[in-house]
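K.L.:
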Amino acid sequence: MRKNRKLVNKLVSMIVFLLISFLLVSFNSFSAERDLNKEQKLGKKLSEDIEKKYEVVENLNQNLLITGIGNKLTEASEMREMQFYFRILKKDGPNAFSIPGGYIYITYDLFDYVQSDDELAGILAHEIAHVIHNHALKQTRDNTKFTLLTILGVLLTGEPDVAVLGKLTTITFLNQYSREYEEEADLTSINLLIKTGYNPVGFLTFLERLYTREMFKPEVNLGIFQTHPETENRINYVKDMLIEKGINI
1340 MRKNRKLVNK LVSMIVFLLI SFLLVSFNSF SAERDLNKEQ KLGKKLSEDI
1390 EKKYEVVENL NQNLLITGIG NKLTEASEMR EMQFYFRILK KDGPNAFSIP
1440 GGYIYITYDL FDYVQSDDEL AGILAHEIAH VIHNHALKQT RDNTKFTLLT
1490 ILGVLLTGEP DVAVLGKLTT ITFLNQYSRE YEEEADLTSI NLLIKTGYNP
1540 VGFLTFLERL YTREMFKPEV NLGIFQTHPE TENRINYVKD MLIEKGINI
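Numbering-wise, the numbering used here comes out as the position in the sequence shown, counting from 1, plus 1339.
1) At the level of alpha carbons, what is the spacing between N1572 and E1547?
2) Beta strand (DSSP E) containing Y1444: first to last residue?
3) From the DSSP output, in three-state form, read off F1545 for me.
4) Taking I1408 and D1456 to be in contact with their CB atoms under 8 angstroms, please state how far apart those CB atoms are, rounded to whole angstroms.
5) How far does the beta strand (DSSP E) with L1449 in it extend, from its first residue to its last?
6) State buried or exposed for L1403, treating a residue as buried only when at least 16 other CB atoms are found within 10 Å of its CB.
7) Give the secondary structure of Y1576 by DSSP, where H, G and I count as helix, E and B as strand, and everything else as coil.
8) To the nearest angstrom, how far is the alpha carbon of E1420 from that of I1471?
9) With a Cβ-Cβ cutoff of 7 angstroms, do F1436 and Y1442 count as a contact?
10) Roughly how far, in whole angstroms, is the beta-carbon of L1459 from the beta-carbon of I1405, given that I think they are within contact range, below 8 angstroms?
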């Protein structure tokens, strides 16, 4: 257990160091043109660290499925100049997250909760939208307005504070965004789904299924979807978005 904790601490410290290095260069102004080359370099390094910790699932059919759907979505987006990567991780719980540079991860367990290509497309579109809007770095910027010194302290101490460590893990792996960023990603993902011919109601049915399992089987680990944000609230505002778009539910 102690060995695993040290490994996690070391991994988080490395990722934080990379993020801070990137942020110090790139966060002077988010109104300036994005440097996609730097984002991709950062994403490549972060992905290497993630894939050292979690096994990448080499299931040909599932990888072809997510890559095919993912590429169709990204080709219809405003980020066609960025190369996206879609990978499956062997990690407990139905999780999905993205990191800078176009890396989209879903867990193998997620396939137990998905019942159609439309639902899977909704999940992938949401994570693609986070990359399109640069949410991972923006959220880190927002959080470090008042915690940058604390983060630097984590790097300089051998035994970082557990609460700080948890916050850093949330930013880098779980991508727990503000409601504003989540809603922006949901709206963008719905537009992408409509543009590519996927039924955007699929994302709603996926969230509703998770909520049902959360209510009747609270012991089941729902990963980031358990508070990403609260599933019930999210269902309601996704419904509102679909209605505004004239989509039949």
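Glycine residues also receive a C-beta, built at the ideal position from the N, C-alpha and C atoms.
P.N.:
Quick look at the numbers:
1) On the sequence shown, position 233 is the one that residue 1572 refers to. On the sequence shown, position 208 is the one that residue 1547 refers to. Between the alpha carbons of N1572 and E1547 lies a distance of about 11 angstroms.
2) Sequence index remark: in the sequence shown, residue 1444 carries index 105 (1-based). It spans Y1442 to T1446 - the beta strand (DSSP E) in which Y1444 sits, taken as one unbroken run.
3) The residue you call residue 1545 lines up with position 206 of the sequence shown. Three-state result, F1545: helix.
4) The residue labelled residue 1408 in the question sits at position 69 within the sequence shown. The residue labelled residue 1456 in the question sits at position 117 within the sequence shown. With a beta-carbon spacing of about 6 angstroms, I1408 and D1456 fall inside the 8 angstroms limit used to define contacts.
5) The sequence position of residue 1449 within the sequence shown is 110, counting from 1. That residue, L1449, is in no beta strand (DSSP E); it is neither H nor E in DSSP.
6) Counting from 1 along the sequence shown, the entry for residue 1403 is found at position 64. By the C-beta density criterion, L1403 is exposed, having fewer than 16 other C-beta atoms within 10 angstroms.
7) Here residue 1576 corresponds to residue number 237 of the sequence shown, with the count starting at 1. DSSP, reduced to helix, strand and coil, places Y1576 within a helical segment of the structure shown.
8) The residue given as residue 1420 occupies position 81 in the sequence shown. The residue given as residue 1471 occupies position 132 in the sequence shown. CA-CA distance, E1420 to I1471, rounds to 11 angstroms.
9) Working through the sequence shown from its first residue, we reach residue 1436 at position 97. Working through the sequence shown from its first residue, we reach residue 1442 at position 103. No, these two residues do not count as a Cβ contact at 7 angstroms.
10) For the purposes of this step, residue 1459 is identified with residue 120 of the sequence shown, where counting begins at 1. For the purposes of this step, residue 1405 is identified with residue 66 of the sequence shown, where counting begins at 1. So it is a contact: roughly 7 angstroms between Cβ atoms.
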